[in-house]
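J.: Residue 0 is where the sequence shown starts when you use my numbering, and the numbers rise one by one after that. For each residue, glycine too, the CB sits at the ideal point set by N, CA and C. As the structure is a prediction and not an experimental result, all values here were calculated from the model. Mind having a look at this structure? Questions to follow.
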Amino acid sequence: MPISPIKITAVEVLLLDVPTIRPHLLSVATMRQQTLVLVFIRSDDGILGYGEATTIGGLAYGEESPESIKTNIDTYMAPLLIGGDATNIAARMQSLRKPVQGNRFAKCAIETALFDAHAKRLGVPLSTLFGGRIVDSLPVAWTLASGNTERDIAEAETMLDLKRHRIFKLKIGLREVREDVAHVAAIKRVIGERGSVRVDVNQAWTETEAMLGMHMLHDAGIDLVEQPIAAGNHEGLRRLRNQNRIPLMADESLHGPSDAYQLAKHHAVDVFAIKITQSGGLTGARDVASIAEAAHVELYGGTMLEGAIGTIASAQLFSTFPALAWGTELFGPLLLTEEILRTPLTYKDFSLQLPTGPGLGIELDEDRIHFLRRDKASIKEKNKDKNALFATR
Ligand code: MUC
Ligand code: MG
């Protein structure tokens, strides 16, 4: 007798507004809260998969906002998924490819939820579906972005004392180049050899500003410069790389495997900040890593400051990479005031420890999620929806 497929029965997207522990200042936005975009996919075997499509600063960072992600999944993607075989993830993602252009973050969340569910079904960690984990923990950077030098130094000291982080990424680009470099150099002088100090300019500099800034940052002992100029200026990145000794990393320039190929082909950068959302999912991010490996580009495990779901999904994939020379920045949940897991992720010895349970290996605190959801006021209405996954109280 043929085995009947396991069918997808429901897809639900929740927006959770969670305050940050302090204002987080980027050149593109100041974050006082993060909107977690959580995606749940239920199948008729009863298994619930989790995914996340969180972005930064509404539309200030990327072309998908939390609200557009929810609308686009609810309106266009969920109907294409419901009724499909939940165990054939490649076929489900293929069914979205032509009718849904772009929407990398939304697709990432859907693919993650399908992988989480399938790994749970098989009783294995998600990393097993990507060939198995090579490491059980990943080094994690912390971003110093309070906007104040003294506060950043105090924060770095605390992180070193707690043995939580010894890689520090400083957000710059809001002030004049020399002022920004003075701020970075002051922090590096205090940290010294106890930690690695890097900067992320989030595209704020012109090419001439970047030429000056990178030169000065190298003299200040800074280890890495991330995305100093506009994402589309690959030639500019190559010129900066050729004329500076400080390693250069692409972040916003890297929207999946095609960009990875172009950047690698033109020797534009030394390092890729690899992000599952920006790559359109775990499979896309795995492909970016393969291109990097073939082209001898080094890797850094990036974040869009996701909560626990996106963070641990990234960690599950990154743990399978043969090399991650620059570590990761998977600290998103630590920037938030609220915990959405029954057991929080474990950060110790400067690293994030990978869970060993099936799928993503996390258990959600449904009460907390219910408390934080943006549409709480309209939940009575939602309760009428028999497909609702989290609207059951
Ligand atoms: C980015 O551009 O890298 C990652 C860490 C952080 O503080 O901001 C993000 C986004
Ligand atoms: Mg960045």
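Under 8 Å: do the stretch 115 to 131 and the stretch 354 to 362 share three or more Cβ pairs, one atom per stretch?
T.: Enough Cβ pairs lie closer than 8 Å, so yes.
J.: For Ala324, count neighbouring Cβ atoms within 10 angstroms of its own Cβ and tell me buried if that reaches 16, exposed if not.
T.: Ala324 should be labelled exposed.
J.: So the beta strand (DSSP E) Tyr260 belongs to, where does it begin and stop?
T.: Here Tyr260 belongs to no beta strand (DSSP E); instead the alpha helix (DSSP H) covers 256 to 264.
J.: For Arg238 and Ala267, I'd like the C-alpha separation in whole angstroms.
T.: Answer to the nearest angstrom: the Cα atoms are 8 Å apart.
J.: Check for me: the beta strand (DSSP E) holding Ser42 runs from which residue to which?
T.: Taken as a continuous stretch (DSSP letters only), the beta strand (DSSP E) holding Ser42 covers 29 to 42.
J.: Would you call the stretch 239 to 250 in contact with the stretch 210 to 228, where contact means no fewer than 3 C-beta pairs closer than 8 Å?
T.: Because the criterion of three Cβ pairs below 8 Å is met, the stretch 239 to 250 and the stretch 210 to 228 touch.
J.: Within 10 Å of its beta-carbon, does Leu371 have 16 or more other beta-carbons around it, so buried, or fewer, so exposed?
T.: Looking at its Cβ environment, which holds 16 or more other Cβ atoms inside 10 Å, Leu371 is buried.
J.: Between the stretch 81 to 97 and the stretch 15 to 23, do three or more beta carbon pairs fall short of 8 Å?
T.: The stretch 81 to 97, when compared against the stretch 15 to 23, does not touch it at the 8 Å Cβ threshold.
J.: Please state the DSSP three-state secondary structure of Tyr75.
T.: If DSSP states are grouped into helix, strand and coil, Tyr75 belongs with the helices.
J.: DSSP state of Met303, grouped into three classes?
T.: Met303 falls in the coil class under three-state DSSP.
J.: Within the present structure, is the beta-carbon of Asp250 separated from the nearest heavy atom of the ligand MUC by less than 6 Å?
T.: Result yes, Cβ under 6 Å from the ligand MUC.
J.: In this structure, does DSSP put Ala376 in helix, strand or coil?
T.: Ala376: helix per DSSP, three-state reduction.
J.: Let me check one thing: in DSSP terms, what residues is Leu223 bridge-paired to?
T.: Leu223 pairs with Arg197.
J.: For Thr127, which three-state DSSP category applies?
T.: Three-state result, Thr127: helix.
J.: Drop a sphere of 10 angstroms on the beta-carbon of Ala291, count the other beta-carbons inside from all chains shown, and report buried for 16 or more, exposed for fewer.
T.: So Ala291 counts as buried.
J.: If you reduce the DSSP assignment to three classes, tell me which class Arg21 lands in.
T.: In this structure, Arg21 counts as strand in the three-state DSSP scheme.
J.: Let me check you understand the geometry: is the CB of Glu63 closer than 6 Å to at least one non-hydrogen atom of the ligand MG?
T.: Every heavy atom of the ligand MG is 6 Å or more from the Cβ of Glu63, so no.
J.: First and last residue of the alpha helix (DSSP H) that includes Gln93?
T.: Element bounds for Gln93: 88 to 96.
J.: Under 6 Å from any heavy atom of the ligand MG, does the C-beta of Asp222 make it?
T.: Not so, every heavy atom of the ligand MG lies at least 6 Å from the Cβ.
J.: Can you name the start and end residues of the beta strand (DSSP E) that Val270 belongs to?
T.: Note, Val270: beta strand (DSSP E), 270 to 273.
J.: Does the structure place the stretch 276 to 289 close enough to the stretch 93 to 100 that three or more beta carbon pairs sit under 8 Å?
T.: Touching, no, given that fewer than three Cβ pairs across the two stretches are closer than 8 Å.
J.: My output table needs one value for Gly48: the three-state DSSP class, helix, strand or coil.
T.: Gly48: strand per DSSP, three-state reduction.
J.: Can you pull the DSSP bridge partners for Trp141?
T.: DSSP, once it has assigned bridges, lists Phe167 as partnering Trp141.
J.: Would a C-beta distance cut-off of 7 Å place Lys168 and Asp218 closer than the cut-off?
T.: Not in contact: Lys168 and Asp218 (Cβ atoms no closer than 7 Å).
J.: Does DSSP put Val99 in a helix, in a strand, or in coil?
T.: Three-state result, Val99: coil.
J.: Would you say the beta carbon of Asp199 is closer than 6 Å to some non-hydrogen atom of the ligand MG?
T.: Checking every heavy atom of the ligand MG against the Cβ of Asp199, one is found closer than 6 Å.
J.: Ile68 to Ala288, Cα distance in whole Å?
T.: Ile68 and Ala288: Cα-Cα distance of roughly 25 Å.
J.: Does Gly45 pass the burial test, meaning 16 or more other C-beta atoms within 10 Å, or should it be called exposed?
T.: Classification for Gly45: exposed.
J.: Please classify His233 as buried or exposed, where buried requires at least 16 neighbouring CB atoms within 10 angstroms.
T.: It counts as buried.
J.: Going by beta carbon distance, what residues of the same chain come within less than 6 Å of Ile72, once the five residues before and after it are set aside?
T.: Excluding sequence neighbours, Ile72 sits near Val12, Ala105.
J.: Once DSSP output is grouped into helix, strand and coil, what is the label at Val176?
T.: Helix at Val176.
J.: Hey, quick one: how far does the beta strand (DSSP E) through Ala249 stretch, first residue to last?
T.: Per DSSP, Ala249 belongs to the beta strand (DSSP E) from 247 to 249.
J.: Pick helix, strand or coil for Thr276, following the three-state DSSP scheme.
T.: Residue state, collapsed to three classes: coil.
J.: Can you tell me which of the three DSSP states Glu11 falls into?
T.: Three-state DSSP puts Glu11 in a strand.
J.: Quick check on Gln202: does DSSP put it in helix, strand or coil?
T.: Here Gln202 sits in coil by DSSP.
J.: Roughly how many whole angstroms lie between the Cα atoms of Pro138 and Leu329?
T.: Cα to Cα, Pro138 sits roughly 9 Å from Leu329.
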